[in-house]
Structure formats: C-alpha cells, structure tokens
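Protein sequence lines, in the order shown, are assigned to chains X and E.
Going by our numbering, the letters in the first sequence line up with residues 274 to 433, in that order.
Going by our numbering, the letters in the second sequence line up with residues 274 to 433, in that order.
By construction, the Cβ of each residue, glycine as well, lies at the ideal position given by its N, Cα and C atoms.
None of these values were measured; they are calculated from a predicted model.
Protein chains: 2
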Amino acid sequence: MGTERREPELDELRAWAEQVATYFMRLSGWPPITGRALGWLMVCEPREQSAAGIAEAIRASRASLTSTLRVLTSSNLVQAVTRPGERTTYYRIADDAWARVMRQRFAGLSEFLEITRQGMALLPDDPERSARVRAANEAFRWLSEEVEPMFEQWDAEHRR
Amino acid sequence: MGTERREPELDELRAWAEQVATYFMRLSGWPPITGRALGWLMVCEPREQSAAGIAEAIRASRASLTSTLRVLTSSNLVQAVTRPGERTTYYRIADDAWARVMRQRFAGLSEFLEITRQGMALLPDDPERSARVRAANEAFRWLSEEVEPMFEQWDAEHRR
DNA sequence: TGGCAATTACAGCACCTACTGAAATTGGTG
DNA sequence: CACCAATTTCAGTAGGTGCTGTAATTGCCA
Numbered sequence: 274m275g276t277e278r279r280e281p282e283l284d285e286l287r288a289w290a291e292q293v294a295t296y297f298m299r300l301s302g303w304p305p306i307t308g309r310a311l312g313w314l315m316v317c318e319p320r321e322q323s324a325a326g327i328a329e330a331i332r333a334s335r336a337s338l339t340s341t342l343r344v345l346t347s348s349n350l351v352q353a354v355t356r357p358g359e360r361t362t363y364y365r366i367a368d369d370a371w372a373r374v375m376r377q378r379f380a381g382l383s384e385f386l387e388i389t390r391q392g393m394a395l396l397p398d399d400p401e402r403s404a405r406v407r408a409a410n411e412a413f414r415w416l417s418e419e420v421e422p423m424f425e426q427w428d429a430e431h432r433r
Numbered sequence: 274m275g276t277e278r279r280e281p282e283l284d285e286l287r288a289w290a291e292q293v294a295t296y297f298m299r300l301s302g303w304p305p306i307t308g309r310a311l312g313w314l315m316v317c318e319p320r321e322q323s324a325a326g327i328a329e330a331i332r333a334s335r336a337s338l339t340s341t342l343r344v345l346t347s348s349n350l351v352q353a354v355t356r357p358g359e360r361t362t363y364y365r366i367a368d369d370a371w372a373r374v375m376r377q378r379f380a381g382l383s384e385f386l387e388i389t390r391q392g393m394a395l396l397p398d399d400p401e402r403s404a405r406v407r408a409a410n411e412a413f414r415w416l417s418e419e420v421e422p423m424f425e426q427w428d429a430e431h432r433r
C-alpha cells in the first residue's frame, strides 16, 4: 500500500484561480479573464497549456483568450512556446512574472511628478497653494526614490 | 508700480485638476470625479471649499459630490470642517493625504499571501506546481517586508 | 412649531468595457 | 495547389458603473 498522491479536483483549481482573478480585479483593475488565466497557469498540469486548454479550464471562449494572452505575453508575464512538429502554441507563466507585476504597480510615478511640477508653475505667486501641490510632489518623489534601489536589490539577488 | 500678482485662470486650474483626475483614473482606477475633486482641492483658493463650490468648479452635480466627498473623507484624504454659526461644511485636502494614497497602493498584499498559502496547500504532493505558487508568495512577501519599514521611516520623519 | 438652507438618498440614464460567436485569416502539410 | 487545424478579427451584446435630477430628509433658526 503505497502513499496515495491526491490529485486536486479540477473544480478546486478553478476556484483557486478565481480567487487570484478576484484579487487582481480589485487591486489592480484587471479584467476577470486575465487573472483567471494567470491563476490557472500557476497551478495547471502540465505547466504549459494551449489557448484552447486554458479556455476550457477557466470556462471562457477561445476568442477572448486571444486578446488576453496577447496582453499577458506582451507584458512578459506569460511566455509563448512552440514545439517542432506541432502547430499549437503553448503558454507558461514566466519565472519573473511576479517581479514584473510588482514593478507595474510603480510605473507612472514620474508622470505624476511632472503633473505636480506643472501645478507649482501655475501658482508662482502663492506660497500656500503651491505648498499644497509641493507636498504631493515630495511624497511621490520620496516613493520613487525609495523604490528604485529596492528593485535593484531584487534584481541583484535573483540574477543568475 | 508694484509687482503684478497673476491670478491663474479658473480654466487653467480646472484643466490641471483634470490631469490629476486622469492620472488617478488610469493608475488607480478612481472614478473621474474623485480625482477632479482632489485635484481641485490642491490648488483652490481658499483652501477650504464647500461641496457646492467644488461642484461648480469641477462642473459636477452636487449630488455626486455627496458620495465622492464621503469616500474621500472616510479614507481620510480630505477633512470636513465646520464653522460656528454656519451650516455649510467645508472640505480641505488632508496634510497626510499623499502618504495615505501611497499606502493604499500597498494595502491588500497580505490578502494575496493568504491566497498563495491556500494554493500551496492544494498541491502538497506536487513540488513543481507548488513551486510556481511559492514563487508568487515569496515575491509578494518580499515586497511587503520591504515596504513596511519604508513607511515607518516616512512616519518617523514626518511626525511632529 | 413652521420655515428654509443644506445635504442626502435613490431611481434612471448614458456610457463603457469585457466577453462571445461567427466569419475570416494564417500557415503548415500532403 | 488544395486542405485543414489553429488562431485571430470584429461586430454585437450583456452587464456594470458613474453620474445626474428629483424628491426626501436633516437640522438650524425665528
């Protein structure tokens, strides 16, 4: 009597991927299907799945997976792989997907810095008002300056 | 011939607040009006404005400002102030509004940590699959552990 | 208690976006 | 070149959300 290897139910995995989807929906404003696909690719077996396979697993149409997978691959969260002798493209979650997800959440800080700069320029003669704008500028500048070396350290620790 | 103090055009300020709104719309998924109101409160004169005043400035209805200002005050980005002898409530941007905005962008990390924990529990017998989930768990744990002391330092530097 | 200014609740409208199904396209194979 | 599986495009639809106008409510004052 060997140890039983319990294979998780398909529905359990689906439900888990749905949790991932819900999280990124609320936190990052992702469309539901995007989070479902990514969540599925985290726990599926085998690791590499065809678009059709993903579609069936997360109960979405193949058509919608075309655009979803394009977004995921072009942002490098998912890699498309092909095999000689097969027409099908397979997809797998990228090893550095999560570092990229985290970085995306910080992208655009400098855009706001530029907006606040323009705001201060609008109010050259009014110290109190421009101070309100400057407070925002300084807070976001602090954040972007803190975050930059943080990710550099991540890279250093994870470069192979 | 004293120095002229140029008062910015109302439309200039409106346009600037609109830029703020656009930014938070795209980056944080805020409704347009929310960003408009916050942007307006950054550059308005006087600093404290009634709901009706804000509504007129950003060309929105008073009704919609009721809910918008409730969201902004309950998340402490905006403070409601009242004056003796006046019925009107006035609103001003909070001094620590930006620290709060930034913190909000990190809120919910632990929620995802819990989801990944459950995912690993779903796959006790499959090292490769659970490793995929663990990669996410470790990345987000790293982030939350980096971010915590970062904000503590901010608090220490800005506490009065 | 009645009156009035200010605020709020709520139903409806307009808009937008995710998603699907069907048709068109691609590209490898015999 | 013809065939066929796989993928993509695109128009249409369903669902959801922000916002407004109106009507109700609050609460201060005489």
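Practice problem: Would you mind stating whether L395/E and N410/E have Cβ atoms separated by less than 8 Å? | Solution: As a working note, residue 395/E is residue 122 in the second sequence. As a working note, residue 410/E is residue 137 in the second sequence. Contact flag unset, no.
Practice problem: Tell whether a beta-carbon distance below 8 Å holds between R365/X and Q352/X. | Solution: In the first sequence, the residue the question calls residue 365/X occupies position 92. In the first sequence, the residue the question calls residue 352/X occupies position 79. Contact flag set, yes.
Practice problem: State yes or no: is the C-beta of R360/X within less than 8 Å of the C-beta of I331/X? | Solution: Residue numbering aside, residue 360/X sits at position 87 when the first sequence is read from its first letter. Residue numbering aside, residue 331/X sits at position 58 when the first sequence is read from its first letter. Result no, Cβ atoms of R360/X and I331/X do not sit closer than 8 Å.
Quiz prompt | Min CB distance Q391/E to chain X below 8 Å | solution = Here residue 391/E is taken as the residue at index 118 of the second sequence, counted from 1. Yes, its Cβ sits closer than 8 Å to a Cβ of chain X.
Quiz prompt | Residues near P422/E in its chain [Cβ-Cβ closer than 6 Å; skip 5 each side] | solution = On the second sequence, position 149 is the one that residue 422/E refers to. Result list for P422/E: empty, nothing under 6 Å.
Exercise. Measure the Cβ-Cβ separation of S340/E and R373/E and say whether it is below 8 Å.
Key: Here residue 340/E is taken as the residue at index 67 of the second sequence, counted from 1. Here residue 373/E is taken as the residue at index 100 of the second sequence, counted from 1. No.
Exercise. Consider the Cβ of I388/E: report whether some Cβ of chain X lies at a distance smaller than 8 Å.
Key: On the second sequence, position 115 is the one that residue 388/E refers to. Interface residue, yes.
Practice problem: In angstroms with no decimal places, state the Cα-to-Cα distance between A294/E and A328/E. | Solution: The residue you call residue 294/E lines up with position 21 of the second sequence. The residue you call residue 328/E lines up with position 55 of the second sequence. When rounded, the distance between both Cα atoms is 15 Å.
Exercise. May I ask you to list, following chain order, the residues of the stretch 287-304 of chain E that have a beta carbon less than 7 Å from some beta carbon of chain X?
Key: Cβ contacts with chain X: W289, Q292, V293, Y296, L300, G302.
Practice problem: For L283/X, count neighbouring Cβ atoms within 10 angstroms of its own Cβ and tell me buried if that reaches 16, exposed if not. | Solution: Within the first sequence, residue 283/X is the residue found at index 10, counting from 1. By the neighbour-count rule (16 or more Cβ atoms within 10 Å), L283/X is not buried but exposed.
Quiz item: In chain X, which residues lie less than 8 Å from V316/E when you measure between Cβ atoms?
Solution: Mapped onto the second sequence, residue 316/E falls at position 43. Contacts between V316/E and chain X, judged by CB atoms closer than 8 Å, involve G392, L395, L396, R402, R405, V406 in chain order.
Exercise. Could you tell me whether the Cβ of I327/E comes closer than 8 Å to any Cβ of chain X?
Key: As a working note, residue 327/E is residue 54 in the second sequence. With 8 Å as the cut-off, I327/E does not count as an interface residue toward chain X.
Self-check item: DSSP-derived helix/strand/coil call for T355/X
Solution: The sequence position of residue 355/X within the first sequence is 82, counting from 1. DSSP places T355/X in the strand class (E or B) of the three-state scheme.
Quiz item: Can you name the residues of chain X whose CB is closer than 8 Å to the CB of L416/E?
Solution: Position 143 of the second sequence, counted from the first residue, corresponds to residue 416/E. Within chain X, the residues M375 have their CB atoms less than 8 Å from the CB of L416/E, given in chain order.
Practice problem: Anything in chain X within Cβ reach of T378/E, meaning under 7 Å, just list it in chain order. | Solution: The sequence position of residue 378/E within the second sequence is 105, counting from 1. With the sequence shown as reference, residue 378/E is identified as Arg, and Thr is not the correct amino acid for it. Residues of chain X with a Cβ closer than 7 Å to the Cβ of R378/E are, in chain order, R378.
Self-check item: T307/X vs L345/X beta-carbon contact at 8 Å
Solution: Numbered from its first residue, the first sequence carries residue 307/X at position 34. Numbered from its first residue, the first sequence carries residue 345/X at position 72. Contact flag set, yes.
Quiz prompt | Continuous beta strand (DSSP E) assignments of at least 3 residues falling wholly in the stretch 338-411 of chain X | solution = Contiguous beta strand (DSSP E) elements confined to the stretch 338-411 of chain X occur at 351-355, 362-366, taking only those with 3 or more residues.
Self-check item: Test item: CB-CB of A370/E and L350/E under 8 Å
Solution: Sequence index remark: in the second sequence, residue 370/E carries index 97 (1-based). Sequence index remark: in the second sequence, residue 350/E carries index 77 (1-based). Contact annotation: A370/E and L350/E have beta-carbon atoms nearer than 8 Å.
Quiz item: Can you name the residues of chain X whose CB is closer than 8 Å to the CB of P281/E?
Solution: Along the second sequence, read from residue 1 onward, the residue named residue 281/E stands at position 8. Per Cβ cutoff of 8 Å: L395, L396.
Quiz item: How long is the line joining the alpha carbons of P400/X and S403/E, rounded to whole angstroms?
Solution: As a working note, residue 400/X is residue 127 in the first sequence. As a working note, residue 403/E is residue 130 in the second sequence. Cα to Cα, the separation comes out at about 56 Å.
Quiz item: Who are the neighbours of E384/E on chain X, taking C-beta pairs under 7 Å?
Solution: Mapped onto the second sequence, residue 384/E falls at position 111. Contact note: E384/E reaches chain X through Y296, using a C-beta cutoff of 7 Å and chain order.
Quiz item: What whole-angstrom Cβ distance do E321/X and V354/X have, given they're in contact under 8 Å?
Solution: Indexing the first sequence from 1 puts residue 321/X at position 48. Indexing the first sequence from 1 puts residue 354/X at position 81. Rounded, the Cβ-Cβ distance is 6 Å, consistent with contact.
Quiz prompt | Residues near W427/E by beta carbon distance below 8 Å, same chain, minus five either side | solution = As a working mapping, residue 427/E is identified with position 154 in the second sequence. Only A372 meet the Cβ criterion.
Exercise. Let me know the secondary structure DSSP gives S301/X once reduced to three states.
Key: Mapped onto the first sequence, residue 301/X falls at position 28. Reduced to three states, the DSSP call for S301/X is helix.
Exercise. Quick one: give me the first and last residue of the alpha helix (DSSP H) that A324/X is part of.
Key: In the first sequence, the residue the question calls residue 324/X occupies position 51. Start and end: 324-330.
Exercise. Could you check if A412/E is buried or exposed, using at least 16 other CB atoms within 10 Å of its CB as the buried criterion?
Key: By one-based count along the second sequence, residue 412/E stands at place 139. With 16 or more Cβ atoms within 10 Å of its Cβ, A412/E is classed as buried.
Exercise. With DSSP collapsed to three states, give me the class of E418/X.
Key: The count along the first sequence starts at 1 and reaches residue 418/X at position 145. The answer is helix: DSSP assigns E418/X an H, G or I state.
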